[in-house]
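In this note's numbering, the protein residues as written are 2 to 98.
Even for Gly, the Cβ is constructed at its ideal location relative to N, Cα and C.
Here's what the structure looks like:
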């Protein structure tokens with residue numbers, strides 16, 4: 002194991018890109034760290050999110066459930082009781098204050 006250094010972090014981050022290129026595959030990278038796309042220059046394309054992936058760019062059929070480059074998503078509804086002590090703890094939740 003290596004100490005956590007910039008070189009070690011780059012090796013870990015780029016292992017998927019390196020493996021794909023070694024297998025002579027086309028590689029699309031999605032960096033998990035913000036503003037780190039410059040580390041992925043070996044990839045054929047770097048995108049910020051899988052939602053940015055354009056399959057037709059790679060000779061594949063586009064996603065069938067997209068509407069004008071937008072993915073329809075059902076709304077989320079979140080509910081529940083308001084518990085006193087939010088941010089400080091709560092006896093109801095078993096979090097000491």
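Under 7 Å, do residue 27 and residue 45 count as touching if we go by C-beta distance?
Yes, Cβ-Cβ distance for residue 27 and residue 45 is below 7 Å.
What is the C-beta distance between residue 48 and residue 40, in whole angstroms, given that I count them as a contact (C-beta under 8 Å)?
Incorrect: roughly 14 Å between the Cβ atoms, too far for contact.
Any idea what DSSP makes of residue 43, helix, strand or coil?
coil
Going by C-alpha to C-alpha distance, which of 15, 69, 65, 60 sits closest to residue 32?
15
Which value, in whole angstroms, describes the spacing of the CA atoms of residue 6 and residue 34?
Note that residue 6 has pLDDT 45, beneath the 50 cutoff, so the model's placement of it is unreliable and the number below is only indicative. Near 15 Å, if we compare the C-alpha coordinates of residue 34 and residue 6.
Does any CB atom of chain B fall closer than 7 Å to the CB of residue 34?
The structure shown contains no chain B, having only a single protein chain.
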